[in-house]
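Student:
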Amino acid sequence: MAISYNEVIEKYDCTMIDKTIYDIINDSYEKKKFGFTSIENNHQTIVYMLLNFDVEDRDTLAGISMLPMVMVEHNQKLKYSDEVYCIVSRVGDSILSRDIKRDSE
């Protein structure tokens with residue numbers, strides 16, 4: 770069953786990061802990469818998404834993928850970016866990965 774956008778924004782947070790941060794921390798996260806084309810300006814953007822939790826199913830992943838796409842579409846600086854980087858976490862959870870948390874304890 771598909772997850773609605775309202776359910777996604779209630780359950781998950783998306784934090785945009787830059788490529789340097791992504792390159793430093795990506796080994797400690799589950800990585801997802803996908804592209805989308807804006808229907809407004811026909812511009813293609815590649816999204817590099819880090820998750821600090823395991824995705825339960827494809828519907829959840831599809832729903833979570835909406836977060837960075839909406840952020841790109843509504844941000845003039847990101848709208849024409851060829852690549853964007855982000856971390857998705859559950860609302861209320863730290864954006865630190867489980868591996869980073871374990872290493873610091």
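Here the sequence shown is numbered in this note's numbering, starting from 770 and rising by one per residue.
C-beta: ideal position from N, C-alpha, C; glycine also.
Keep in mind the model is a prediction, meaning the values are calculated, not measured.
Please work out which residues of its chain come closer than 6 Å, Cβ to Cβ, to Asp872, disregarding the five sequence neighbours upstream and downstream, and give them in chain order.
Tutor: Below a pLDDT of 50, predicted positions are generally treated as unreliable, and Asp872, at 49, falls in that range; the measurement from the model is reported next regardless. No residues qualify anywhere along the chain.
Student: For Arg827, write down the residues that DSSP places opposite it in a beta bridge.
Tutor: Arg827 pairs with nothing; no bridge assigned.
Student: Take Lys848 as the anchor and find which of Lys788, Val777 and Thr806 has the nearest alpha-carbon.
Tutor: If we check each option's Cα against that of Lys848, Thr806 comes out closest.
Student: Name the DSSP beta bridge partners of Gln813, please?
Tutor: Looking at the DSSP assignment, Gln813 forms a beta bridge with Thr806.
Student: Give me, in chain order, the residues of the same chain whose beta-carbon lies closer than 8 Å to that of Tyr886; leave out the 5 immediate sequence neighbours on both sides.
Tutor: Because the chain spans 770 through 874 in this model, residue 886 falls outside it and cannot be assessed.
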